[in-house]
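Take a look at the structure below.
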Amino acid sequence: MSIVATSHHYRELPDTPYNLWMRDELADLLELPHDGTRAEIIDGEIVVSPGPDIAHNFIVQDIWHAFSAARVVDASFPWRCVATQDVNLSEIHDGYIPDLCFLRQETAAGIRRAQIKKALPEHLGLVLEVTSPTNASDDRLPGKRRAKPTKWNGYARACIPYYLLVDRDPEVAQVTLYSEPEFAVWEYKESTSWAFGETIALPEPFALEIPTDEWEPWLRHGF
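Under the UniProt record's numbering, the sequence shown has 58 at position 58, and the numbering climbs by one with no breaks.
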């Protein structure tokens with residue numbers, strides 16, 4: 001079949017994008033560089049994104065450190081996080097690579113023992129996406145730039161309880177926590193937002209505060 005990726009290159013593939021992604025063959029078939037470039041399947045479509053910039057990575061690191069610090073203060077803090085982990089949304093044949101996945105300690109321990117390569121939605125309590133100029137529309141609610149289902153829809157359809165979206169667009173510059181996923185309509189029913197500079201207050205079961213004082217939108221003139 002002819003498949004189009006966001007790079008606008010057409011290529012005959014020997015199997016469906018999802019099956020190739022599951023077998024870890026897709027990136028090599030697309031001849032993608034090994035420089036942080038990601039190939040994901042969103043609504044059945046191959047979406048290729050370049051590696052993120054340093055400001056993006058520092059935001060991810062800030063959130064990681066907040067969770068790690070909570071474990072240092074309280075050894076019973078139950079959450080572990082892992083970066084750029086493949087997540088298999090098998091029911092809709094999508095495959096995502098969030099910036100961070102958050103799992104309960106006992107779940108993480110079981111996955112490590114089983115050496116599972118691709119996490120399933122039921123393993124996850126929270127996923128994080130930080131937008132970049134090239135793919136922000138894939139992370140948000142459907143809109144003008146992407147009317148088809150996005151990762152926001154996919155995460156809700158998979159019933160991942162919480163989705164944390166850090167939107168670095170200068171016109172937005174805010175963090176939104178989505179909750180109460182509704183399986184039937186592929187939507188989160190609740191959301192809470194914080195502007196850059198405010199402190200994120202994650203509710204239970206996280207009960208964690210994350211400062212955003214140093215977070216900045218991306219620059220309009222380049223990335």
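Note that the Cβ used here is the ideal one computed from N, Cα and C, for glycine as well.
message: Does Ser90 pass the burial test, meaning 16 or more other C-beta atoms within 10 Å, or should it be called exposed?
response: Here residue 90 is taken as the residue at index 90 of the sequence shown, counted from 1. The residue in question, Ser90, is exposed, as its Cβ has fewer than 16 Cβ neighbours within 10 Å.
- request: Excluding the 5 residues preceding and the 5 following Ala27 in the sequence, name in chain order all residues of the same chain whose CB lies nearer than 7 Å to its CB.
  value: Working through the sequence shown from its first residue, we reach residue 27 at position 27. For Ala27, where only same-chain residues beyond five positions count, the Cβ hits under 7 Å are Ala39.
message: Short of 7 Å in beta carbon distance, which residues of its chain neighbour Thr107, apart from the five on each side in sequence? Order them along the chain.
response: Numbered from 1 along the sequence shown, position 107 holds the residue referred to as residue 107. Closer than 7 Å at the Cβ level, and outside the excluded window around Thr107, lie His123.
field: Spatially closest choice to Ser179 from Asn153, Thr199 and Gly197, by CA coordinates
entry: As a first step, residue 179 must be located in the sequence shown, where it is residue number 179. The alpha carbon of Ser179 has as its nearest neighbour, out of Asn153, Thr199 and Gly197, the alpha carbon of Asn153.
- request: With DSSP as the reference, please indicate the residues paired to Val82 in a beta bridge.
  value: Here residue 82 corresponds to residue number 82 of the sequence shown, with the count starting at 1. Bridge partners of Val82 according to DSSP: Cys101.
field: Contact under 8 Å by Cβ, Thr150 with Pro142
entry: Residue numbering aside, residue 150 sits at position 150 when the sequence shown is read from its first letter. Residue numbering aside, residue 142 sits at position 142 when the sequence shown is read from its first letter. The answer is yes: Cβ separation under 8 Å.
message: For Ala70, which residues in the same chain have their Cβ closer than 7 Å to its Cβ, ignoring the five residues on either side in sequence?
response: Along the sequence shown, one-based indexing puts residue 70 at 70. Counting only residues of its own chain and dropping the five nearest sequence neighbours on each side, Ala70 has a CB closer than 7 Å to the CB of Phe77 and Leu208.
message: If you measure between the beta carbons of Thr199 and Thr212, is that distance less than 8 Å?
response: For the purposes of this step, residue 199 is taken as residue 199 along the sequence shown, with counting starting at 1. For the purposes of this step, residue 212 is taken as residue 212 along the sequence shown, with counting starting at 1. Between Thr199 and Thr212, the CB-CB gap stays under 8 Å.
query: What three-state label does DSSP hand Ser132 in the structure shown?
result: Locating residue 132 in the sequence shown gives position 132, where the first residue counts as 1. Correct three-state label for Ser132: coil.
message: Can you tell me where the alpha helix (DSSP H) holding Ser90 begins and where it ends?
response: Indexing the sequence shown from 1 puts residue 90 at position 90. Note, Ser90: premise wrong, no alpha helix (DSSP H); not H, not E.
field: Option in Leu29, Thr37 and Ala75 with minimal Cα separation from Pro50
entry: Taking the first residue of the sequence shown as position 1, residue 50 is located at position 50. Closest option to Pro50, Cα to Cα, is Thr37.
query: Quick one: what's Phe58 bridged to in DSSP?
result: For the purposes of this step, residue 58 is identified with residue 58 of the sequence shown, where counting begins at 1. Beta-bridge annotation (DSSP): Phe58 is not paired with any residue.
- request: Quick one: residues in its chain with C-beta nearer than 7 Å to the C-beta of Cys81, no 5 flanking neighbours on either side, listed in chain order?
  value: Working through the sequence shown from its first residue, we reach residue 81 at position 81. Closer than 7 Å at Cβ, skipping near neighbours: Trp64, Phe67, Leu100, Cys101 and Phe102.
- prompt: So what does Gly95 bridge to, in DSSP terms?
  reply: Numbered from 1 along the sequence shown, position 95 holds the residue referred to as residue 95. Answer by DSSP bridge pairing, in chain order: Ile41 and Asn88.
message: Quick check: the Cα distance between Glu12 and Leu30, rounded to an integer number of angstroms?
response: Counted from its first residue, the sequence shown places residue 12 at position 12. Counted from its first residue, the sequence shown places residue 30 at position 30. When rounded, the separation of the alpha-carbon atoms in Glu12 and Leu30 is 10 Å.
message: Helix, strand or coil for Glu171? Go by DSSP, reduced to three states.
response: Translated into positions along the sequence shown, residue 171 becomes position 171. Residue state, collapsed to three classes: coil.
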